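The numbering of the sequence shown is the numbering used here, which starts it at 36 and goes up by one.
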Amino acid sequence: MTRKKIVGLSVAFALLFGTVPAAGAMHIMEGYLPGGMCLLWGAVCLPFLIYGLFVLKKTLAHDRRSITLIAMAGAFIFVISSLKIPSVTASCSHMTGTGLGAILFGPSAVSVLGIIVLIFQAILLAHGGLTSLGANTFSMAIAGPFVSFAIFKACQKLKINKMVAVFLAASLGDLFTYCVTAVQLAVAHPSPDGGIGLAAAKFLGVFAPTQVPLAVVEGILTVVIMIALESYARPELKAIGFEREAA
């Protein structure tokens, strides 16, 4: 019965937020990065992905019930990161959804979920690209989740309220993703006048008006999902060790 409730919640969430507006993608688009940088970011991601596979395998071997939460975390990332909001200069911003998975399973596992989501989005939604897959994976599925995880653990040590910790982790992880994306774009396309630093500042300025409120919304949504999980999936949370650690 508990699993049925979780599936029902995820379906309802997808129906509520699953309409993707037609807009340009904020993931770095196909062909926007030089070939060398595409290979470099792919190589940087590889160790995280390999370790993430081992983490997921260990999690599933420990308790098969965790597959429900893993699938839900992946679906949350896919749905929430597909909702693109128009920003200035014809660009777009969107939430990432990776903070929830990082809190539940750790950042390494989220790297695997993230790259799967990015591949499907690139192929099915023209959201991002295959050549820029490494760069997008690093910013959204590695850098952001590691920050979310670190913030959540720091809040636990400081005895901060759990839901406040979830909010901060999800929000700041989202914002850090876009800081990394801005730097990636700036390195690929430095400003003729001020170089990489000025270009990064310009890219951050483009996304800030929409990304800051989106980060707040993502934090709130992640808290809502976490409250629902604690209400309907407490056995599964205990199975992955979250309830005991976060208590």
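No residue lacks a Cβ here, since even glycine has one placed at the ideal position from N, Cα and C. As the structure is a prediction and not an experimental result, all values here were calculated from the model.
By the 16-neighbour rule on beta-carbons within 10 angstroms, Asn196 is exposed.
Taking a C-beta distance under 8 Å as the contact criterion, Leu139 and Ile260 do not qualify as a contact pair.
Residue Pro69 holds the alpha-carbon nearest to the alpha-carbon of Pro225 among Pro69, Thr172, Leu74. Between the C-alpha atoms of Phe242 and Ala217 there is a straight-line separation of about 9 Å. Counting C-beta atoms within 10 angstroms of its own C-beta, His129 has 16 or more neighbours from the protein chains shown and is therefore classed as buried. Taking C-alpha positions only, Pro244 is separated from Asp98 by approximately 43 Å. CA-to-CA, the gap between His62 and Val252 works out to about 19 Å. In this model, Met64 and Ser167 are separated by some 7 Å (Cα to Cα).
DSSP, read as helix, strand or coil, puts Ile255 in helix.
Annotated three-state conformation of Ser226 is strand, per DSSP. Shown here for Val145: same chain residues with a beta carbon closer than 7 Å to its own, the five before and five after excluded, namely Thr133, Gly136, Ala137, Ala176, Pro180 in chain order. DSSP places Lys237 within a helical segment (H, G or I) once states are collapsed to three.
If you draw a straight line from the Cα of Val247 to the Cα of Leu210, it is about 7 Å long.
Boundaries of the alpha helix (DSSP H) around Met72: 70-97. The shortest C-alpha to C-alpha distance from Phe202 to any of Val215, Lys194, Ser183, Thr212 is the one to Ser183.
Beta-bridge annotation (DSSP): Lys119 is paired with His129.
In the three-state reduction of the DSSP assignment, Met198 falls in the helix class, which pools H, G and I. Taking 8 Å as the upper bound for CB-CB distance, Met72 and Ala170 are in contact here, some 7 Å apart. Cβ-Cβ distances below 7 Å link Tyr86 to Ser143 in the same chain, with the five nearest sequence neighbours on each side left out; the list follows chain order. In the three-state reduction of the DSSP assignment, Tyr213 falls in the helix class, which pools H, G and I. DSSP places Glu265 in the helix class (H, G or I) of the three-state scheme.
The residues Thr212, Val215, Thr216, in chain order, have a CB closer than 6 Å to that of Ser174 in the same chain once the five nearest residues on each side in sequence are set aside.
Our two residues, Cys80 and Ala236, have alpha carbons roughly 25 Å apart in a direct line. One alpha carbon belongs to Leu148, the other to Ala234, and they sit about 30 Å apart. Ile105 carries a helical assignment under DSSP once its states are collapsed to helix, strand and coil. Taking each of Asp228, Ile150, Ala204 in turn and checking the Cα distance to Gly109, the smallest one comes out for Ile150.
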